[in-house]
Structure formats: C-alpha cells, structure tokens
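Chemist: The numbering of the sequence shown is this note's numbering, which starts it at 31 and goes up by one.
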Amino acid sequence: MKKINIKNDQLQIYKRENSNLWQLKIKLPKKKAIRISSGTKILIEAKKIGIQKYNHLLNNEIKKIQIDKTYFYKKIHLIESENLNKKEIECFLDTSNKYIEFNKKRIKKSNILEGRTVFNLFFEDSTRTRTSFEVAAKRLGADLINVAVKDSSINKGETLLDTMTTINSMSPDVIILRHPEEGISKKISKIVKSSVINAGDGSHEHPTQALLDALTIRKKFKKFKGLKIAICGDILHSRVARSNIEILSTLGASINIIGPKSLIPLDLKRKKLNIYYNMKKGLKNCDIVMMLRIQKERIVGTHILNEKEYFNQYGLDYKKLSYAKKNAFVMHPGPMNRGVEIETNLADDISRSLIQEQVTMGVAIRMACLEILVNNRDKYGS
Ligand code: ASP
Numbered sequence: 031m032k033k034i035n036i037k038n039d040q041l042q043i044y045k046r047e048n049s050n051l052w053q054l055k056i057k058l059p060k061k062k063a064i065r066i067s068s069g070t071k072i073l074i075e076a077k078k079i080g081i082q083k084y085n086h087l088l089n090n091e092i093k094k095i096q097i098d099k100t101y102f103y104k105k106i107h108l109i110e111s112e113n114l115n116k117k118e119i120e121c122f123l124d125t126s127n128k129y130i131e132f133n134k135k136r137i138k139k140s141n142i143l144e145g146r147t148v149f150n151l152f153f154e155d156s157t158r159t160r161t162s163f164e165v166a167a168k169r170l171g172a173d174l175i176n177v178a179v180k181d182s183s184i185n186k187g188e189t190l191l192d193t194m195t196t197i198n199s200m201s202p203d204v205i206i207l208r209h210p211e212e213g214i215s216k217k218i219s220k221i222v223k224s225s226v227i228n229a230g231d232g233s234h235e236h237p238t239q240a241l242l243d244a245l246t247i248r249k250k251f252k253k254f255k256g257l258k259i260a261i262c263g264d265i266l267h268s269r270v271a272r273s274n275i276e277i278l279s280t281l282g283a284s285i286n287i288i289g290p291k292s293l294i295p296l297d298l299k300r301k302k303l304n305i306y307y308n309m310k311k312g313l314k315n316c317d318i319v320m321m322l323r324i325q326k327e328r329i330v331g332t333h334i335l336n337e338k339e340y341f342n343q344y345g346l347d348y349k350k351l352s353y354a355k356k357n358a359f360v361m362h363p364g365p366m367n368r369g370v371e372i373e374t375n376l377a378d379d380i381s382r383s384l385i386q387e388q389v390t391m392g393v394a395i396r397m398a399c400l401e402i403l404v405n406n407r408d409k410y411g412s
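#1: With DSSP as the reference, label residue 235 as helix, strand or coil.
#2: Looking at residue 351 and residue 384, is the spacing between their C-beta atoms short of 8 Å?
#3: Which same chain residues end up closer than 7 Å to residue 370 when comparing Cβ atoms and leaving out the 5 residues on each side of it in sequence?
#4: In whole angstroms, give me the CA-to-CA distance for residue 167 and residue 229.
#5: With H, G and I counted as helix, E and B as strand and the rest as coil, what does DSSP make of residue 399?
#6: Can you find a heavy atom of the ligand ASP that lies under 7 Å from the Cβ of residue 234?
#7: Could you tell me whether the Cβ atoms of residue 278 and residue 259 are closer together than 8 Å?
#8: Answer yes or no: do residue 169 and residue 140 have a C-beta to C-beta separation smaller than 8 Å?
#9: What is the DSSP secondary structure of residue 224, reduced to helix, strand or coil?
#10: Tell me whether the beta-carbon of residue 316 lies closer than 8 Å to the beta-carbon of residue 274.
#11: Does the separation of the CB atoms of residue 404 and residue 207 fall below 8 Å?
#12: With distances taken Cα to Cα, identify the nearest neighbour of residue 318 among 284, 367 and 293.
#13: What is the DSSP secondary structure of residue 95, counted as helix, strand or coil?
#14: Can you find a heavy atom of the ligand ASP that lies under 7 Å from the Cβ of residue 392?
#15: Below 8 Å between beta carbons: does that hold for residue 146 and residue 98?
#16: Below 7 Å CB to CB, which residues in the same chain sit around residue 177 once its five sequence neighbours on both sides are set aside?
#17: Just list the residues that DSSP pairs residue 13 with in beta bridges.
#18: When the Cα of residue 113 is compared with those of 235, 231, 153 and 47, which residue comes out closest?
#19: Nearest-angstrom Cα distance between residue 292 and residue 313?
#20: Per DSSP, what are the beta-bridge partners of residue 55 in this structure?
#21: From which residue to which residue does the beta strand (DSSP E) around residue 148 run?
#22: State buried or exposed for residue 63, treating a residue as buried only when at least 16 other CB atoms are found within 10 Å of its CB.
#23: Can you name the start and end residues of the alpha helix (DSSP H) that residue 342 belongs to?
#24: Tell me where the alpha helix (DSSP H) around residue 123 begins and ends.
#25: Cα separation between residue 302 and residue 215?
#26: Beta carbon of residue 395, beta carbon of residue 122: below 8 Å?
#27: Would you list the residues sitting across from residue 204 in a DSSP beta bridge?
#28: Grab the span of the alpha helix (DSSP H) containing residue 274 for me, first residue to last.
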C-alpha cells in the first residue's frame, strides 16, 4: 500500500461562522475531503496539549520560589547552637516555612541553588541526617556529592586535613560534616573556603537537629513561652540534647532534664535547667517528652543499667507518658532503640508521636540552612 504523508496545508482546523464547533478538514489531491467536528478526537488531543502546556507553566512557577536574601542570620557557617540568639533561630524557622509548603507539592524541584556544589561528608553512620541533606540540596537544584568515606583515601592513611584540602580544591559551596571529634567542624570551617554545616561532632552539637525539633514544636504549639519540655535519657553523650537545650531555652521554653545520674553531665548544673533522676517527677506538667538514644558507641567506662532495667526506669511507655500533661507529645531524633528508650507502639502512635513529623521538618529546615548559608557566602564570604 502506498504511504500517504499529509502536508501542512492539507490539514486545516477552523471554526465555522456562528458555530462553536471546531472542524478538522483533510483534503488530499484528487481525494474527497474528510471533515471531523469537535466532540471527536481533536478535542482529546487539544486537551492533552493543554495539560502539557499547563504543567510546563506550573513547573516554571514552582521554580520561582521567592527568596529575600536579607537574613537576620549573617554568618556563612552553621556550627553550634550555643551562640545563636532568638532572632537568628527564628530566621531559620521562618525561612523553612515556604519549604514546608513546597515539599507538599507534586513536583519538588527549584533552581535556587542551581550550579552550586554541596558535599556530604559523613565519618559516622547516618541515615536521616545524610539523606535529608541530600533531598534538601537536590530539591533546591544543587549538585550533591556523597563522599563514601568507607571507600575514601582516609582508609589509606590520608588525614582528615588532606581530605578537606582536596575537597576544598574542587570549589564546593557547602560542606556538610559529621565526625566523631568534638569541635572539628569549627576547625575545618577555618581551613576551607566553603560554608560548613556541622551535622554532628561527637557528643558536642548537632544544630540542624535542634532547629528541626524547634520547627516541629512551633508547628504544633505555635509558641515556646510557657512550654515545658522534658529531654530524657543519655544526656551525657548526646549532641542532640546539647543543641536542643540551647535552642529551646533561647526560644523561651522551660527544660526538664531527666536521666540516670551517670548519664547527666555535671556542667549542666550551671545552667538554668531542672534536673531529675526520676521520670515520674520529671515528666510532671510537660507538654513534650523528647527521648534520646543511648549512645552505645560513645559510652566508655560509665556504668549503665542493662537494657531491661533501663527501660523499666527511663524507657517511655504509655504509663510513664501519663505522668506528663494529658495530651503531651513524644519526640525522638532517631535512630530509636525500640524497647530500650521507647516502647514501640508509642513510637508509632501518630496521635502522640511527632517522630515522623520531625523527619519531614528536617528536610524543610535543611533547605532553609542551605539557602541562607549559600546566599550569605555570596554576600559576605571572601
Ligand atoms: N541522629 C542523632 C545524631 O546523630 C541522634 C542519635 O544518633 O542518637 O546525633
């Protein structure tokens, strides 16, 4: 059979005068004209084209997230919570708001950090923090490189300094660093040209965790003043506890610290905190109960209870939760030792547990951190 190709002028789409119907006319030489009117495939095709065009416009719309580059936080690194004032903390929380909404959209892609390079450098295990930084950077359009530390030259004897110098020579915009040594992020921030985010340095600090916890609490309670928050468990080895104590008290919440004597650091006694060694007393009138993981990897030489005893005395279950306010919420930074610091059903009970919400807020806060630091570096960096 001979193949027929229709040329442009042989196909017409038009409307007849005084008619709402579209006509499609095909007239090939020496053939009878074919006419099809609306209600047939022509409209289905037009609809398809319309939808494609609309989605395209919509995507462009999403890319145009409005950012105001004048931030109350003026630094190019985020290393510790200790020196953050209330307005600086609020700057991170407020900047996250638009990302909470953005992350609910079907298409989560913006070009705010297009062309920027972000390195994830994790010398300790992580699932939540590492992946949420990765999701955050990618949603903002940045190129993210996960350095596989296990496969890197660190194992061939290269020092951390060598590794950092090498990465620095690749001109990154942001380095996200997790390392077992306390204070290492600060040291590195003085060597490299990029912004540095401390994603956990030993037992010292983990500022983005505390910011995401504050965002989760603010979303639920809309305020911090008048809130009583219990932070429970292995306080001694917890960078999450340290960062949260700073941030939540700066925001105006009152903090109860609860745990076994051997896991509460002495230096906390100097701060304006209420310290308890008993859950029943410590949880009284609390609005939020934040549980912490026992940091087995950091516990050396300290006497700790066996897991069963620990759960009986300090593990959170519905009974112990009833010592807090009637509708108190539960938080945990993860990963959880189920059945050790928290009862598994309670952890999964979304009417009481904010644990999944914390993960969701983690992405939004990390998007805000990346946005703020990159723009600050453009403005104030050398
Ligand atoms: N994920 C948190 C951290 O890295 C809490 C934990 O590991 O227990 O500090």
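Every residue, glycine too, gets a C-beta built ideally from N, C-alpha and C.
Computed from a predicted structure; not experimentally measured.
Modeler: From the atom records:
#1: Taken through DSSP and simplified to helix, strand or coil, residue 235 comes out as strand.
#2: Residue 351 is positioned such that its CB atom lies no closer than 8 Å to that of residue 384.
#3: The beta carbon of residue 370 is closer than 7 Å to those of 324, 337, 340, 341 and 345 in its chain, skipping five residues each way along the sequence.
#4: Here the alpha carbon of residue 167 sits roughly 14 Å from the alpha carbon of residue 229.
#5: Looking at residue 399 - three-state DSSP - the assignment turns out to be helix.
#6: The answer is no for residue 234.
#7: The Cβ-Cβ distance between residue 278 and residue 259 falls below 8 Å.
#8: Taking 8 Å as the Cβ cut-off, residue 169 and residue 140 qualify as a contacting pair.
#9: DSSP places residue 224 outside both helix and strand once states are collapsed to three, so it counts as coil.
#10: No.
#11: Contact flag unset, no.
#12: If you compare the alpha carbons of 284, 367 and 293 with that of residue 318, the shortest gap goes to 284.
#13: Residue 95: coil per DSSP, three-state reduction.
#14: No - the ligand ASP has no heavy atom lying nearer than 7 Å to the Cβ of residue 392.
#15: Against a cut-off of 8 Å, the Cβ pair of residue 98 and residue 146 comes out as no contact.
#16: In chain order, 149, 150 and 151 place their CB closer than 7 Å to the CB of residue 177, counting only its own chain and leaving out the 5 sequence neighbours on each side.
#17: Coverage of the chain is limited to positions 31 through 412, which leaves residue 13 absent and any answer about it impossible.
#18: Taking residue 113 as reference, the option from 235, 231, 153 and 47 with the minimal CA-CA separation is 235.
#19: Whole-angstrom Cα-Cα distance: 19 Å.
#20: For residue 55, which the question treats as bridged, DSSP gives the partners 42 and 65.
#21: 147-152 is the span of the beta strand (DSSP E), which, as asked, contains residue 148.
#22: When all chains shown are included, residue 63 counts as exposed.
#23: Its alpha helix (DSSP H) spans residues 337-344.
#24: Taken as a continuous stretch (DSSP letters only), the alpha helix (DSSP H) holding residue 123 covers 116-132.
#25: One C-alpha to the other measures close to 27 Å.
#26: Closer than 8 Å, so yes.
#27: Beta-bridge partners assigned by DSSP to residue 204: 148 and 225.
#28: Following the DSSP letters along the chain, one finds residue 274 inside the alpha helix (DSSP H) bounded by residues 269-280.
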